[in-house]
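Student: Read top to bottom, the protein sequences are chains A and B.
Here the numbering used here is used: position 60 in the first sequence is 60, and no number is missing along the way.
Just remember that the numbering used here sits 196 ahead of the position in the second sequence, which is counted from 1.
I have a structure I would like to understand better, so I am pasting it below and will then ask my questions one at a time.
There are 2 protein chains.
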Amino acid sequence: MPVKDVGTEQLIKETARRVFFVEGKLHATTQDIADAAGINRPSLHYYFRSKNELIRQVYDEAKGEMVVKANAILGSDLPFREKVEHFITIFFNYVTGAPYLQSFLINEINCKNPLLGKSTGTPPEVRRFLSEVEEEMKKGTIRKASPENFMINLFALVSYPIIMKPLYLDFFEHSSDDYDRLMTERKTMIMDMIFS
Amino acid sequence: MPVKDVGTEQLIKETARRVFFVEGKLHATTQDIADAAGINRPSLHYYFRSKNELIRQVYDEAKGEMVVKANAILGSDLPFREKVEHFITIFFNYVTGAPYLQSFLINEINCKNPLLGKSTGTPPEVRRFLSEVEEEMKKGTIRKASPENFMINLFALVSYPIIMKPLYLDFFEHSSDDYDRLMTERKTMIMDMIFS
DNA sequence: ACCTTTGCTGACAAATTTGTCAAACATAAT
DNA sequence: ATTATGTTTGACAAATTTGTCAGCAAAGGT
Chain A
1 MPVKDVGTEQ
11 LIKETARRVF
21 FVEGKLHATT
31 QDIADAAGIN
41 RPSLHYYFRS
51 KNELIRQVYD
61 EAKGEMVVKA
71 NAILGSDLPF
81 REKVEHFITI
91 FFNYVTGAPY
101 LQSFLINEIN
111 CKNPLLGKST
121 GTPPEVRRFL
131 SEVEEEMKKG
141 TIRKASPENF
151 MINLFALVSY
161 PIIMKPLYLD
171 FFEHSSDDYD
181 RLMTERKTMI
191 MDMIFS
Chain B
197 MPVKDVGTEQ
207 LIKETARRVF
217 FVEGKLHATT
227 QDIADAAGIN
237 RPSLHYYFRS
247 KNELIRQVYD
257 EAKGEMVVKA
267 NAILGSDLPF
277 REKVEHFITI
287 FFNYVTGAPY
297 LQSFLINEIN
307 CKNPLLGKST
317 GTPPEVRRFL
327 SEVEEEMKKG
337 TIRKASPENF
347 MINLFALVSY
357 PIIMKPLYLD
367 FFEHSSDDYD
377 RLMTERKTMI
387 MDMIFS
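Below, the structure written as structure tokens:
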């Protein structure tokens, strides 16, 4: 009996991820994805019954991955400052590699596709990180505020410039390289901003 | 001779803006927009020849408006600190009122619709603001960095939390009201972060 | 060799979305 | 009233996108 070929199914999902998250084709058709994967459309329907089902899986897994990634860093036992520094580095690369991921998620949440997995809730690692943040605020290492807002700032300062790059390329008269050069100084800048 | 009815045309555009920017229906069909406007679809084609043309106009005008809005504040002759404070207030409301606007722009830019208006270039008001930022850095009022990065931080800290609200509602276990409460403390927090 | 299961494909069907058009309608000037 | 001009509409056609299905190919077990 032939083993279930997991190759094509994975190929399709990875291609969908690339099309959606990297190339940012939020309106991509199943044909677009099939072409990009070098397969034909009925195969896509063979593995995923419908476009919605493919999107649901891609959505759920991507969200899960992001949470896992954040947990791995924020839940690690590094000293606070290094943890934040590490987070910036890792997430900068992560978002750079999938600049349309967050826009995709936002859009899908908004579509209220009832198939999408429900919230997993705040993971314990993040809760612990939030209380670490609170403690650092008491120690005076960082500015006092809601720990949630501290986290949001972190994500904002790292993600936003990458996500909105096309907008600012057009706004400033920059080449892509100019803009990327601008990005390189951000890590230390963000650290400076956060640790007053 | 009957006067050219500008009412319906405006109604359609405003409805499209609402559907795209406020409701975030990035996949909205012409039927969706027509229904939301209370007109029928052929009327939409009467005023705008195609969906693309409608989107082009909505895109161009929205981008223009955003630039005008930014210019009006950043190009004003308020003292630097008040100018930044004013910007935060105004833009917070602006983005709150159209949370999907930036995602829409990003997505459309990416679609490389050849009809979209080309970059207007960095407006002189923004150039002036950037040199003001540079001067404040020399004076030591704010941290030294690329002035562009200063601007990007401003936009990031104001926009990102609003744009990505659905994502964080799901991540933290917050109600919409909880999250909004979190937002209220951001203005002073951002000011504190920026003016070290 | 034969059967069985899984994967792939072309051809077709259905659904959705967009675009068109002629006719009806409204309004104001003549 | 008639005409001219701009607007709205229903009905239709075209294009696009999605979904289905029967059949073929491959591969492993009997």
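Note that the Cβ used here is the ideal one computed from N, Cα and C, for glycine as well.
Please read these numbers as outputs of a predicted model, since none were measured by experiment.
If we ignore side chains and look at the alpha-carbon of each, how far apart do Lys25/A and Cys307/B end up?
Tutor: 7 Å
Student: Name, going along the chain, the residues of the region 313-325 of chain B whose beta-carbon falls closer than 7 Å to a beta-carbon of chain A.
Tutor: Ser315, Gly317, Thr318: these are the residues of the region 313-325 of chain B whose beta carbon lies less than 7 Å from some beta carbon of chain A, given in chain order.
Student: Checking contacts by CB at 7 Å: is Glu147/A closer than that to chain B?
Tutor: The sequence shown places Pro at residue 147/A, not Glu. No, no contact with chain B.
Student: Count the other CB atoms within 10 Å of the CB of Ser159/A; is the residue buried (16 or more) or exposed (fewer)?
Tutor: Counting Cβ neighbours within 10 Å, Ser159/A comes out buried, since at least 16 surround it.
Student: Starting from Ser299/B, find everything on chain A with Cβ-Cβ shorter than 8 Å and list it in chain order.
Tutor: Ser103, Ile106, Asn107
Student: Would DSSP call Met360/B helix, strand or coil?
Tutor: coil
Student: Which residue wins for smallest C-alpha separation from Thr292/B, given the options Phe351/B, Glu331/B, Phe244/B?
Tutor: Phe351/B
Student: Quick check: the Cα distance between Gly336/B and Phe244/B, rounded to an integer number of angstroms?
Tutor: 52 Å
Student: Among Phe367/B, Ala266/B, Gly260/B, Asp228/B, which residue has its Cα nearest to the Cα of Glu321/B?
Tutor: Ranked by Cα distance from Glu321/B, the options Phe367/B, Ala266/B, Gly260/B, Asp228/B are led by Ala266/B.
Student: Less than 7 Å between the C-beta atoms of Ala34/A and Val19/A, yes or no?
Tutor: No, they are not a contact pair.
Student: Would you check if the distance between the CB atom of Gly117/A and the CB atom of Asp60/A is smaller than 7 Å?
Tutor: yes
Student: Comparing C-alpha positions only, which one of Val280/B, Glu205/B, Leu270/B sits nearest to Thr384/B?
Tutor: Val280/B
Student: Between which residues of its own chain and Lys13/A is the CB-CB distance below 7 Å, once the five residues before and five after are set aside?
Tutor: Gln57, Val58
Student: So which residues of chain A does Gly220/B contact, with C-beta pairs closer than 8 Å?
Tutor: Ile106, Asn107, Asn110
Student: Please tell me whether Ile348/B has its Cβ less than 7 Å away from any Cβ of chain A.
Tutor: So, interface residue.
Student: Within 10 angstroms of the Cβ of Val271/A, are there 16 or more other Cβ atoms? Answer buried if so, exposed if not.
Tutor: In the structure as shown, chain A begins at 1 and stops at 196. Residue 271/A is therefore absent and cannot be evaluated.
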